[in-house]
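> Got a structure for you, written out below as structure tokens; questions coming shortly.
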């Protein structure tokens with residue numbers, strides 16, 4: 051049996067299709083996060099980006115997201131190593147740190163549903179869209195105790 055590409059290739063050496071297939075579809079990176087300006091600490095919220103489809107846990111306009119959402123962060127092999135808020139379960143982070151993917155990742159399980167079945171995704175857990183919130187202080191009522 052052939053060794054999976056994420057175990058043999060660096061992030062930089064992956065094809066665009068391999069890179070995109072690493073996304074597990076959890077939707078956590080599409081949540082609004084708050085940062086303490088003094089400490090740099092990140093606080094997670096259950097507020098989804100305006101383009102986030104909370105049912106599919108996917109971006110509704112992935113191809114144009116960076117143009118449509120000014121603070122959207124496009125993940126690259128270079129920046130995934132420096133983004134402190136990437137979820138602990140994120141495949142990009144795991145591979146960058148030399149770890150294997152979890153059993154529920156679609157590349158391991160063979161199904162895009164296992165991330166949801168394992169309770170890892172944000173399906174059913176988004177409490178608001180950023181378009182629903184009028185003031186920055188409104189995000190505080192959607193803060194989570196920890197990374198989802």
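Numbering (the numbering used here), first residue to last: 51 to 198.
Here a beta-carbon is modelled for each residue, glycine too, at the ideal position from N, C-alpha and C.
The model shown is predicted, which means the values in this text are computed figures rather than measured ones.
Given a threshold of 16 other Cβ atoms within 10 Å of its Cβ, counted over all protein chains shown, does residue 56 qualify as buried or as exposed?
Classification for residue 56: buried.
> For residue 188, which three-state DSSP category applies?
Note: residue 188 maps to helix in three-state DSSP.
> Report the rounded CA-to-CA distance for residue 95 versus residue 194, giving the unit in angstroms.
Looking at the two C-alpha atoms, the distance is approximately 5 Å.
> Where does the unbroken alpha helix (DSSP H) through residue 69 begin, and where does it stop?
Run containing residue 69: 66 to 71, per the alpha helix (DSSP H) assignment.
> May I ask you to verify whether the segment 91 to 106 touches the segment 165 to 180, counting CB pairs closer than 8 Å and requiring at least 3?
The segment 91 to 106 is in contact with the segment 165 to 180.
> Quick one: using the 10 Å Cβ neighbour count with 16 as the cut-off for buried, is residue 111 buried or exposed?
By the 10 Å Cβ count, residue 111 comes out exposed.
> Could you tell me which of 67, 79, 51 sits nearest to residue 171, measuring between CA atoms?
Closest option to residue 171, Cα to Cα, is 79.
> Does residue 123 come out as helix, strand or coil in the three-state DSSP assignment?
Residue 123 falls in the coil class under three-state DSSP.
> I need the straight-line Cα distance from residue 159 to residue 180, nearest angstrom please.
Whole-angstrom Cα-Cα distance: 32 Å.
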